[in-house]
Amino acid sequence: MKKLLVLLAIRAFVRNTDESIKIYNALFSEQKPVVKKDKPFITGTTNKPIVEVKNLSKRDELLESLTYLKSKKTKTKQDKDSIGVLEAVLKNMA
69 MKKLLVLLAI
79 RAFVRNTDES
89 IKIYNALFSE
99 QKPVVKKDKP
109 FITGTTNKPI
119 VEVKNLSKRD
129 ELLESLTYLK
139 SKKTKTKQDK
149 DSIGVLEAVL
159 KNMA
C-alpha cells in the first residue's frame, strides 16, 4: 500500500509516466550484486610507439599530399581540382 501511495505522489508531481516509473524503480528496486569479471592479462609490453608521428611543417604536409595526388594512376575530377588548389597554395606560401 505504501508503494502505491508513493507512486501516486510521484505521478502527481511528474506528468510524464515514463519518468515517474523510472523514479519509482530507482526508489524501490533491489540492487543486484555486481559481478566483476576478471580481465585477461596482457602479456608482453613494448616501449615503441605504435604509430610514428612525423612533425611536418604545413608546407611539407602540402607537398606530401600533392605528390600523393600526382602519383595516383587514375585521377578523379576532385583530385585534379585538389592538385590545382594545392599548387596555388604552395605558390602563395613561397
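My numbering applies: residue 69 is where the sequence shown begins, and numbers increase by one. For each residue, glycine too, the CB sits at the ideal point set by N, CA and C. None of these values were measured; they are calculated from a predicted model.
#1: How many angstroms separate the CA atom of L95 from the CA atom of T85?
#2: Write down the C-beta distance between L131 and D147 rounded to the nearest angstrom, noting that I regard them as a contact closer than 8 Å.
#3: Mapping DSSP to helix, strand and coil, what is L75?
#4: Please state whether the Cβ-Cβ distance between L124 and E155 is less than 8 Å.
To lay it out plainly:
#1: The count along the sequence shown starts at 1 and reaches residue 95 at position 27. The count along the sequence shown starts at 1 and reaches residue 85 at position 17. Between L95 and T85, the C-alpha separation is close to 15 Å.
#2: Looking up residue 131 in the sequence shown gives position 63. Looking up residue 147 in the sequence shown gives position 79. Actually they do not touch by this definition, with Cβ atoms about 16 Å apart.
#3: In the sequence shown, counting from the first residue as 1, residue 75 sits at position 7. Residue state, collapsed to three classes: helix.
#4: Position 56 of the sequence shown holds residue 124. Position 87 of the sequence shown holds residue 155. Not closer than 8 Å, so no.
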